[in-house]
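Each remark here refers to the structure printed beneath this line.
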Amino acid sequence: MAADLLSSLDLARRDEPTPQLDVHASLLDWLAFQRHEFRRKWRDLSPEQLAAWSVPPVELSVLGLIRHMQQMEHHYLTWGLGGGERIETYGDDDYAGGSAATVEEDVRLYLAEVARADAAIAAMPALDAPGRGSGAPLSHLLIKIIDEYALHSGQAHMLRFAALGRVQR
Numbered sequence: 001m002a003a004d005l006l007s008s009l010d011l012a013r014r015d016e017p018t019p020q021l022d023v024h025a026s027l028l029d030w031l032a033f034q035r036h037e038f039r040r041k042w043r044d045l046s047p048e049q050l051a052a053w054s055v056p057p058v059e060l061s062v063l064g065l066i067r068h069m070q071q072m073e074h075h076y077l078t079w080g081l082g083g084g085e086r087i088e089t090y091g092d093d094d095y096a097g098g099s100a101a102t103v104e105e106d107v108r109l110y111l112a113e114v115a116r117a118d119a120a121i122a123a124m125p126a127l128d129a130p131g132r133g134s135g136a137p138l139s140h141l142l143i144k145i146i147d148e149y150a151l152h153s154g155q156a157h158m159l160r161f162a163a164l165g166r167v168q169r
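Just so you know, full-length UniProt numbering puts 104 at position 104 of the sequence shown, and the rest follows in order with no gaps.
Below, the structure is given as C-alpha cells:
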C-alpha cells in the first residue's frame, strides 16, 4: 500500500546544509536537502489527498509534482549526465495526471529515478564535466535541479495545506 511506502521515508525536519568551501560538496548537500524537503510535503497525506487538485481550477496536485520531478530528475540528471535513451514517463500528463490508485507506482518511479540520477552524478569526474546527454556541465545541471525542487516544493507546500484543509507544519 502507498501508506507503507510513504511511511518508510525519512521525513524528519532537517536544517539547511552548513556552508563549506567545496562547491561540489555544497551543491550535492543542497540537492539532498531540497529532495528531502520536497518529500516532507507528502507527509500526513492520504493517496486521495496526494492526487487531489486541491486548489481549483488549477489542475495540479502533490502527486502531479512528484510525477513532474521524476521527469525532471530523468531529463536533467539521469539522461542529461548519463546519456542513453531520453524517456518521458508521463509526457504532458505529469502535472495533471495520476490518481490515488497510481500513488504507490508513481512514488516508486520517482525514488528509482533519484537513485539513477545519483549514480549519474557520481560518475561525473568534475563540476565542469559535460553531460553525455545534454552536453551541459554537471554544475549547471545541479543548479537547475535544485531550482526545480525549490520551486515545486513551495507549490507542494501550499497544495499540502489545501489538501489537509489546515496549516500543519
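A virtual CB, placed ideally from N, CA and C, is assigned to each residue, including glycine.
Span of the alpha helix (DSSP H), counted from its first residue to its last, around residue i
| i | result |
| --- | --- |
| GLY64 | 62-72 |
| TYR90 | Per DSSP, TYR90 belongs to no alpha helix (DSSP H) and is neither H nor E. |
| ALA117 | 103-122 |
| SER26 | 23-40 |
| GLN49 | 47-51 |
CB-CB length for residue i against residue j, believed under 8 Å
| i | j | result |
| --- | --- | --- |
| ALA163 | GLY80 | With 8 Å as the limit, ALA163 and GLY80 do not qualify as a contact, their Cβ atoms being about 31 Å apart. |
| TRP30 | ILE146 | 5 Å |
| ALA156 | LEU65 | 5 Å |
| GLN168 | ASP44 | 6 Å |
| GLY98 | ALA51 | 6 Å |
| LYS41 | ARG160 | 5 Å |
For residue i: DSSP bridge partner residues
| i | result |
| --- | --- |
| PRO130 | PRO137 |
| message | With a threshold of 8 Å, are at least 3 pairs of Cβ atoms found where one atom belongs to the segment 33-42 and the other to the segment 51-61? | response | no
| said: Can you confirm whether the segment 117-126 touches the segment 81-92 when touching is taken to mean that 3 or more C-beta pairs between the two stretches lie within less than 8 Å? | reply: yes
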